[in-house]
Amino acid sequence: MNRQAPRVSIIMGSDSDRDVAEKAVAVLEEEGIPYEVKVISAHRNPGKLDDYVKKTKAKVFIAVAGLSAALPGVIASKTKKPVIGVPVSAKLGGLDALLSIVQMPPGVPVAAVGIDNAQNAAYLALRILALIDVEHEK
494 MNRQAPRVSI
504 IMGSDSDRDV
514 AEKAVAVLEE
524 EGIPYEVKVI
534 SAHRNPGKLD
544 DYVKKTKAKV
554 FIAVAGLSAA
564 LPGVIASKTK
574 KPVIGVPVSA
584 KLGGLDALLS
594 IVQMPPGVPV
604 AAVGIDNAQN
614 AAYLALRILA
624 LIDVEHEK
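Residue numbering for the sequence shown follows this note's numbering, beginning at 494 and increasing consecutively.
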């Protein structure tokens with residue numbers, strides 16, 4: 494990980510989501526984008542998640558979650574920064590996680606990519622960063 498302030502935060506609901514999250518890490522490293530990776534459950538550690546979302550300097554969140562996949566929506570409810578949800582194919586082929594991510598209430602927007610497709614989440618994060626930072630506009 495780059496020692497600069499993170500531009501992208503990758504948050505996993507549990508360590509079992511790490512293999513999927515690593516796909517985003519690979520893209521960000523290839524592009525030289527500073528990032529950080531955290532494991533914070535929206536269900537088991539809501540206070541820790543709230544503190545982290547409020548304090549991080551990251552400009553974009555990538556939330557990797559399976560099963561009920563509440564993590565992306567919870568993050569989006571706590572910030573005005575963009576949140577990209579990555580559903581994980583843990584159960585039901587990831588369909589349950591995908592539907593949890595895309596069915597957000599009004600005012601809590603979450604972008605979603607395909608099941609296990611964290612690399613597309615990283616590419617979307619790069620495009621968002623390009624809107625706010627000319628350095629990343631390629």
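Glycine residues also receive a C-beta, built at the ideal position from the N, C-alpha and C atoms.
This one's a predicted model, so the numbers in the text were calculated from it and none came from an experiment.
Close beta carbons around serine 502, own chain, < 6 Å, minus the five adjacent residues each side: Start at 1 with the first residue of the sequence shown, and residue 502 comes out as number 9. Cβ neighbours of serine 502 beyond the five flanking positions: Glu529, Thr549, Ala551, Phe554.
C-beta contact flag for glutamate 524 and leucine 619 at 9 Å: Numbered from 1 along the sequence shown, position 31 holds the residue referred to as residue 524. Numbered from 1 along the sequence shown, position 126 holds the residue referred to as residue 619. Yes; because the gap between Cβ atoms is below 9 Å, this pair is in contact.
contact_flag[the segment 554-567, the segment 505-524] where n(CB pairs < 8 Å) is 3 or more: These segments touch.
Element boundaries [beta strand (DSSP E), containing lysine 531]: The count along the sequence shown starts at 1 and reaches residue 531 at position 38. Note, lysine 531: beta strand (DSSP E), 528-532.
Supposed close pair valine 579, valine 606 - CB separation, criterion 8 Å: Locating residue 579 in the sequence shown gives position 86, where the first residue counts as 1. Locating residue 606 in the sequence shown gives position 113, where the first residue counts as 1. Valine 579 to valine 606, Cβ: 6 Å. Contact.
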